Amino acid sequence: MVVTGSRIVRRDYESQSPIVTVQGETFEDRSAIGIEAALNQLPQFSPAGTSQNAPGGDASTPFPSPTAAPGAATVDLRGLGTNRSLVLVDGRRVKPVNGNLVVDLNTIPSAAIQSVEVISGGAAAVYGADAIAGVVNLILKKNFEGFEVDAQYGMTQRGDGEELQLSGLFGANYGDGRGNVMFGANYAKRNGIRSRDRSWVRAGWDDPGTAAGGAGTAGGLSQFECQAPGPFTPGNCPPPDLFPMELGATIWNIDQNGNLFDVNDPLNPAHPYTGPLGGTSGFKINPNGTLGYTDRESGMLSLPLERWSMFASTHYDLTDKVELFADARFSESFVSATGTHVALWNIWSIQVPYNQAYDDPDSPTFGQGPAGFAHHPVPAALADLLNARVSNDPSFDPLTAPWQYNGSVDYLPPYRTDTTSNVYQLIVGLRGKLPLKDWSWEVYGSHGKASVNAHLPESFLSHPKVQQLFEQDQYGRGWINPAIIAAAGRCTSGLPIFNPDGSVNDTPSVSQDCADYVTLRMNNISSIKQQVLEGTVQGTIADLWAGPLQFAAGLTYRSERFQFTPDSAYNANQDAANVVNNIALPLGVNGLTYVKEAYAEFAIPLLTDGPLVKKLSSDR
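Residue numbers for the sequence shown follow my numbering, beginning at 4 and rising by one.
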């Protein structure tokens with residue numbers, strides 16, 4: 004038999020590295036639609052990117068990058084990284100899905116798996132540097148005859164996260180038993196689970212002993228920075244510089260009722276926070292007395308997923324000594340990953356025009372600007388603050404100078420990335436026996452390609468367009484872009500910042516034309532092609548006093564060509580950070596790696612059936 008971790012066919016079940024074998028029934032008996040769910044139960048594995056989650060910085064991150072593939076199911080042996088754990092099928096390399104060269108286990112139909120061998124020790128000497136953490140070898144069924152159909156449906160005890168899995172496997176012999184062919188197909192679908200739908204998550208949010216996130220740019224709040232340290236007093240509020248804020252400076256927020264308060268001292272009776280607390284609002288008083296906020300509308304415990312996969316395998320004895328074999332695999336998956344709401348802050352803050360005569364509710368000419376004047380009404384409390392601004396610049400006029408706005412864009416949907424991944428691989432080879440004792444050989448070629456199309460439909464916002472709407476009358480209400488057709492747009496509702504009477508506009512959404520104008524709906528595309536050629540030979544050189552002296556040798560050529568093309572609106576070649584809340588934008592990538600390897604292995608018997616020693620051998 005061939006033992007994973009060695010190229011030599013052995014007559015025993017021993018290996019130089021620790022091996023754990025997981026039978027195929029383990030995957031079939033579980034309701035989970037991902038193979039990784041069963042493997043992650045073993046102590047050798049550190050749960051990495053699974054088909055259910057979207058952890059940042061791994062193959063499942065929701066933000067497009069050369070290493071992203073949301074919903075990919077990867078394995079991480081001993082916590083050394085997914086690209087240090089090599090995945091094989093029948094001892095042969097599997098097509099990777101992204102620039103990290105990690106493998107998506109979802110591309111292998113579980114119905115075709117006979118067993119999985121896991122080497123938890125390093126196997127770099129045999130398989131290369133990407134097997135430092137170990138090897139996961141999926142062994143497929145051989146000579147299968149008959150027809151199998153499996154259907155599974157399940158849900159959580161809360162009645163959500165429904166999962167459906169349908170699979171079929173067909174196999175038959177042909178050519179008077181000289182060949183066998185096997186076809187398999189799998190369909191899987193899972194509905195997502197939101198964090199807010201779990202009581203234990205909500206309990207953590209509501210627990211007075213836990214801190215929520217910062218509320219400075221939380222939903223429903225507007226923010227204005229006052230550069231002067233200490234409490235606000237009229238005539239002591241210079242406008243802020245972008246970086247840095249003066250130590251101890253006050254950041255004033257306008258709550259849902261139009262009142263000024265300090266997020267670091269929200270219970271101060273002089274300027275208290277009067278907005279909602281607890282319940283579904285997301286606002287709470289943190290243990291340190293600050294105002295905290297949790298975006299309860301976003302956050303996923305489980306990603307929605309839909310996947311199709313197909314598999315075909317055949318082998319045929321050309322002669323008594325030579326066998327032809329071929330495998331074909333195809334998988335397509337769709338995953339929708341959701342992030343948090345966008346916030347306008349820092350370098351994405353908005354400069355809002357202001358004119359005290361027409362924008363201050365206490366002004367006798369409030370809302371009565373001349374024809375063509377763009378009104379930007381603000382609450383009276385904020386107007387008092389703006390009117391009190393001072394500056395060393397003699398040209399600065401607090402009554403007409405713009406002010407810097409920070410705030411959440413919770414009136415638009417949260418981030419969302421819809422990713423469609425396609426992976427295929429074709430393998431063709433010959434193997435046979437040499438007329439020399441137990442010598443055998445194998446040569447094969449593999450070609451595969453993975454394509455990932457990341458569509459960004461929601462809340463990747465154009466900062467210049469958001470700024471443009473803020474500058475229009477009533478924050479864009481009823482605005483029509485007079486520019487050329489290519490930049491045409493309109494905004495019926497306007498942005499829900501402040502109402503015409505200066506009160507806070509708490510409308511939870513905007514008209515679709517406003518959303519369409521400011522949203523950058525983009526596509527990022529990545530692809531990776533892999534070519535593998537390998538030839539091996541192995542057998543017994545001589546029979547020694549302690550057993551056979553065995554030898555294996557081989558040659559391998561492997562190339563991977565990777566290309567990542569970010570959308571023209573979502574790349575690091577822009578003049579400024581035009582995509583709100585996205586500063587580390589990706590560059591396009593076009594690269595090629597190739598590996599040429601030659602190896603030899605000896606299994607040298609040293610002693611057998613000796614005193615206190617059953618068997619002693621050395622592998623080199």
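Positions of the beta carbon are idealized from the N, C-alpha and C atoms, including for glycine.
As the structure is a computational prediction, the values presented were derived from the model and not from experiment.
> Does the Cβ-Cβ distance between asparagine 409 and glutamine 226 come in under 8 Å?
Replying inline: Inclusion of asparagine 409 and glutamine 226 in the CB contact set at 8 Å is warranted, their separation being smaller than that value.
>> Any contact between the stretch 319-333 and the stretch 180-195? By contact I mean 3 or more CB pairs, one from each, below 8 Å.
In response: Judged by Cβ distances under 8 Å, the stretch 319-333 makes contact with the stretch 180-195, as three or more pairs qualify.
> Three-state secondary structure (DSSP) at lysine 440?
Replying inline: coil
> Looking only at C-alpha atoms, which of Ser113, Asn140, Arg197, Leu224 sits nearest to tyrosine 190?
Replying inline: Ser113
> How long is the line joining the alpha carbons of glycine 238 and serine 394, rounded to whole angstroms?
Replying inline: Caution applies to glycine 238, whose pLDDT of 45 falls short of 50 and renders its modelled position unreliable; the value that the coordinates give is listed next. Roughly 10 Å between the two C-alpha positions.
> In chain order, what residues of the same chain lie with their CB nearer than 7 Å to the CB of valine 204, ignoring the 5 residues before and after it?
Replying inline: These residues qualify, in order along the chain: Ser198.
>> So, with DSSP's three-state summary, where would you put threonine 159?
In response: coil
> Whole-angstrom Cβ separation of alanine 215 and glycine 295, contact assumed at under 8 Å?
Replying inline: 3 Å
> For proline 290, which residues does DSSP report across the bridge?
Replying inline: Proline 290 is not bridged to any residue.
> Where DSSP assigns a beta bridge to glutamate 120, which residues make up the other side?
Replying inline: Thr24, Asn140
> Are there 16 or more other CB atoms within 10 angstroms of the CB of glutamine 475, so buried, or fewer, so exposed?
Replying inline: buried
> Buried or exposed: where does phenylalanine 150 fall if 16 or more other Cβ atoms within 10 Å of its Cβ makes it buried?
Replying inline: exposed
> If you draw a straight line from the alpha carbon of valine 469 to that of histidine 344, how long is it in whole angstroms?
Replying inline: 15 Å
> According to DSSP, is aspartate 519 helix, strand or coil?
Replying inline: helix
>> Can you list, in chain order, the residues of its chain with a C-beta nearer than 6 Å to that of aspartate 365? Leave out the 5 residues immediately preceding and following it.
In response: Ala383
> Among residues of its own chain, excluding the 5 on either side of glutamine 533, which ones have a beta-carbon nearer than 6 Å to its beta-carbon?
Replying inline: Lys98, Gly451, Glu563
> Can at least three beta-carbon pairs, one atom from the stretch 345-358 and one from the stretch 388-407, be found at a separation below 8 Å?
Replying inline: yes
> In angstroms, rounded to a whole number, what distance separates the CA positions of asparagine 576 and glycine 479?
Replying inline: 29 Å
>> So, with DSSP's three-state summary, where would you put tyrosine 130?
In response: helix
>> Within 8 Å, do at least three Cβ pairs link the stretch 605-616 to the stretch 542-552?
In response: Yes, the stretch 542-552 touches the stretch 605-616.
>> I'd like to check one pair, histidine 458 with asparagine 526: are the Cβ atoms closer than 8 Å?
In response: yes
>> Relative to the C-alpha of arginine 95, which candidate in Val535, Leu552, Asp441 has its C-alpha closest?
In response: Val535
> Which of helix, strand or coil does DSSP assign to leucine 464?
Replying inline: strand
> Taking just the CA atoms, how far does leucine 429 sit from glutamate 625?
Replying inline: The question about residue 625 has no answer, for the chain in this structure spans 4 to 623.
> Going by DSSP, which residues form a beta bridge with asparagine 260?
Replying inline: Paired residue(s): none; asparagine 260 is not in a bridge.
>> Rounding to the nearest angstrom, what Cα-Cα distance links leucine 327 and glycine 557 in this structure?
In response: 19 Å
> From this set, Phe147, Gly195, Gly131, which residue's C-alpha is nearest asparagine 176's C-alpha?
Replying inline: Phe147
> Given 8 Å as the limit, is there contact between the stretch 133-143 and the stretch 82-95, that is, 3 or more CB pairs closer than that?
Replying inline: Touching, yes, given that three or more Cβ pairs across the two stretches are closer than 8 Å.
>> Given this structure, state the Cα-to-Cα distance separating aspartate 298 from glycine 207, to the nearest angstrom.
In response: 13 Å
> aspartate 570: which of Tyr560, Val582, Thr559, Arg561 sits nearest, CA to CA?
Replying inline: Val582
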